[in-house]
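**Student:**
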Amino acid sequence: MNPFVYNRAADAADAVRRAAALNAKYLGGGTNLVDLMRETIERPPALVDVTGLSREIAQTPDGGLMIGAATRNTALAEHPLVRERYPLLTRAIVAGASPQIRNMATVGGNLLQRTRCVYFYDDDGARCNKRRPGEGCDAIGGFNRMHAVLGASDACIAVHPSDMCVALAALEAVVHLEGPAGARSLPLTDFHRLPGDRPDLETELAPGELITAVELPPAAVAARSAYRKVRDRASYAFALVSVAAALELEGGLVKDVRLAFGGLAHKPWRAWKAEAALRGNAASADAFAAAADAELADARPRSGNAFKVELARRTLVAVLTDLAGAVA
Amino acid sequence: MNLTVNGVVAALPDDPRVSLLDLLREQLRLPGAKKGCNQGACGACTVLLDGERILSCLTLAVQCEGRSVTTIEGVGAPGALHPLQQAFLEHDGFQCGYCTPGQICSALAMADEIRRGVPSHVTGDLTAETIALDRDELRERMSGNLCRCGAHNGIVEAILETFADQTEQLEAAE
Ligand SMILES: Cc1cc2nc3c(=O)[nH]c(=O)nc-3n(C[C@H](O)[C@H](O)[C@H](O)COP(=O)(O)OP(=O)(O)OC[C@H]3O[C@@H](n4cnc5c(N)ncnc54)[C@H](O)[C@@H]3O)c2cc1C
Ligand code: SF4
Ligand code: FES
Ligand code: FES
């Protein structure tokens, strides 16, 4: 690990000030950043510890929830209002990592965790456009079973590994930021970027910008919701494919629906096309399959991951069928 | 700049690169917590931080200022074993023993999480106030602690026996 200066921030403004002055990275639970620093893939000259910032989960005037960025993943998953109103979020969080890691990991850090592409981690042995833009990508044509089938580019086919973010994408969460230029907010679905020709730029975060909170708008549709994760072992493994889904029916028709995929893209993938295909139509097995096909028509599998397209299709249909059955 | 380890005050390292695991093992000479992978994948380094299970390999020691760490050395001692340690002996909950300190620290915190009603991936009803510690819950909740010797059956039995007893005692006391 390269040497660095350690600082602790008292509040958000203090964190932003310190980070700008020291050219620092923010430190949450460290479950991703400490690992990447040990591998010398990240070499920040300074860290500003932001785990002392807000970890409050408060109701908003419109009936949603405002979640402080330092909230631990376990605290969010176990919160009574999350379990009651946004069950897919609790389900997504407890499907990720291990209890120890969830006790450490913060909401802000979870959003910004980096890909688990093995070539990205292999600093000495592999070419990676995310680490060194322009160098090439050893995953294309290499071992890419875990990699993207939607929205990838010829520069990078990595996936975003978060489970929590897939549920947040379906819930239309809003990310609140504070930076040297002031405060702003972004929909979570616009927060992460597709790789294009700059896979090193993973989010819309400006240099020095801090995530202060994640806001969940009220979502009646989430009362009936699910998160299903398909992985190589029963627990403690990253997703091959995951689906976050919420479904509201009225008289056998789809009144509202939210769908997002994990494991398929460089960002949590909101399935807008599948949703549009379903809204207002009958909740039937055929409709579910057609919706999945609409979303996956653009899929571009690589040498090792063609199975993901069919797996995603079947997982989506299965989750929707379950939810429709639960509603009926 | 201090932290407390097993009730004893200890100084934090000057170098912020030192992990909590290295502080415990190399500087405080508490070799109970083990370094399996040093990257969050095995759970051998699990310790309790203010009573919650965490991975000491991914925790910077400086992040623990003013906090309280419990390692396996603080759980029990020869001649004064914790009931869970005794149960590991009786059920052959280990072979080489490398994962055992992490398993035991992890299981102690897991029992608290169950009492608190923290849901897991296999919990059926998210709004239920109490969660029963059955084999499926236990296996899922202990999945962050790998055992290369494959002593899982003994581990599961030892934990179930220990905390099933505690549940009964709690109920009897009420
Ligand atoms: C073995 C292992 C298995 C895992 N399995 C899964 C899994 O199955 N599913 C899953 O979803 N995740 C999994 N994870 C990843 C885990 O969820 C993330 O590492 C964690 O959520 C990161 O949060 P953190 O607080 O520890 O972030 P850190 O490691 O502290 O930081 C991560 C990044 O976020 C930045 N950052 C942190 N907080 C802020 C802030 N407030 N504002 C701006 N930037 C910030 C840091 O600078 C850094 O770049 C796994 C991790 C490990 C080690
Ligand atoms: S897929 Fe992306 S992260 Fe992986 S090697 Fe290629 S450029 Fe790097
Ligand atoms: S040594 Fe910490 S998880 Fe393996
Ligand atoms: S007893 Fe050897 S690793 Fe578990």
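Going down the list, the protein sequences come from chains A and B.
Anchor point for the first sequence: position 316 equals 315 in numbering that gives the first Met the number 0, and the numbering is continuous, going up by one each time.
Anchor point for the second sequence: position 130 equals 129 in numbering that gives the first Met the number 0, and the numbering is continuous, going up by one each time.
Glycine included, every Cβ here is placed at the ideal spot set by N, Cα and C.
Source: prediction; values computed, not measured.
Thinking C-beta only, is A288 of chain A closer than 8 angstroms to V253 of chain A?
**Tutor:** The criterion of a C-beta distance shorter than 8 angstroms is not satisfied by V253 of chain A and A288 of chain A.
**Student:** Out of A:L167, A:A205 and A:N143, which has the shortest C-alpha to C-alpha gap to I156 of chain A?
**Tutor:** A:N143
**Student:** Would you mind telling me which residues of chain B sit closer than 8 angstroms to F3 of chain A, beta carbon to beta carbon, in chain order?
**Tutor:** P15 and R16
**Student:** Is the CB-CB distance between A151 of chain A and P194 of chain A below 8 angstroms?
**Tutor:** Their beta carbons are under 8 angstroms apart, which means A151 of chain A touches P194 of chain A by this criterion.
**Student:** Given that G42 of chain B touches chain A, what residues does it touch there, using C-beta distances under 7 angstroms?
**Tutor:** S97 and Q99
**Student:** Can you list the residues of chain A that S105 of chain B reaches, using a CB-CB cut of under 8 angstroms?
**Tutor:** P98 and Q99
**Student:** Return the Cβ separation of I71 of chain B and G31 of chain B in integer angstroms, given the expectation that the two are a contact with Cβ distance under 8 angstroms.
**Tutor:** 4 angstroms
**Student:** Determine whether the beta carbon atoms of A86 of chain B and E139 of chain B lie at a separation below 8 angstroms.
**Tutor:** no
**Student:** Please compile the residues from chain A whose C-beta is within a distance smaller than 9 angstroms of the C-beta of M109 of chain B.
**Tutor:** Correct list: P98.
**Student:** Where does R52 of chain B land, buried or exposed, given buried means 16+ other C-beta within 10 angstroms?
**Tutor:** buried
**Student:** Given that a residue counts as buried once 16 or more other Cβ atoms are within 10 Å of its Cβ, and exposed if not, what is T114 of chain A?
**Tutor:** buried
**Student:** Listing by chain order, which chain A residues have their CB less than 7 angstroms from the CB of H120 of chain B?
**Tutor:** V93, A94 and S234
**Student:** Taking any heavy atom of ligand 3 as the mark, which residues have a C-beta closer than 6 angstroms to it, listed down the chain?
**Tutor:** B:K34, B:G35, B:C36, B:N37, B:G39, B:A40, B:C41, B:G42, B:A43, B:C44, B:L54 and B:C56
**Student:** So, with DSSP's three-state summary, where would you put V121 of chain B?
**Tutor:** coil
**Student:** If you compare alpha carbons, which of B:L80, B:V4 and B:Q102 is closest to G153 of chain B?
**Tutor:** B:Q102
**Student:** On a Cα-Cα basis, can you pick out the residue from A:P160, A:A219 and A:G178 that is closest to H191 of chain A?
**Tutor:** A:P160
**Student:** Leaving out the 5 sequence neighbours to the left and right, which residues in its chain are closer than 7 angstroms to D297 of chain A when beta-carbon positions are compared?
**Tutor:** L149
**Student:** Taking the alpha-carbon positions, what's the Q112 of chain A to L32 of chain A distance?
**Tutor:** 8 angstroms
**Student:** Please name the residue in A:N72, A:R7 and A:M0 whose C-alpha comes closest to that of I40 of chain A.
**Tutor:** A:M0
**Student:** Along the stretch 48-73 of chain A, where does the CB come closer than 8 angstroms to a CB of chain B? Name the residues.
**Tutor:** D48, T50 and T73
**Student:** So what's S191 of chain B in DSSP terms, helix, strand or just coil?
**Tutor:** Because chain B is modelled from 0 through 173, residue 191 of chain B falls outside the range shown and cannot be assessed.
**Student:** Enumerate in chain order the residues of its own chain whose CB-to-CB distance from L187 of chain A is below 6 angstroms, with the five nearest sequence positions on each side excluded.
**Tutor:** Within the same chain, and ignoring the five residues on either side of L187 of chain A in sequence, the residues whose Cβ sits closer than 6 angstroms to its Cβ are L167, A168, A172 and V174.
**Student:** Considering K228 of chain A, what are the terminal residues of the alpha helix (DSSP H) in which it resides?
**Tutor:** Counting along the chain, K228 of chain A falls outside any alpha helix (DSSP H), though it belongs to the beta strand (DSSP E) covering S224 to V229.
**Student:** If you compare alpha carbons, which of B:A60, B:L125, B:A127 and B:E156 is closest to R24 of chain B?
**Tutor:** B:A60
**Student:** How would you write the range of the beta strand (DSSP E) that Q62 of chain B sits in, first residue to last?
**Tutor:** Neither: Q62 of chain B is in no beta strand (DSSP E) and is coded neither H nor E.
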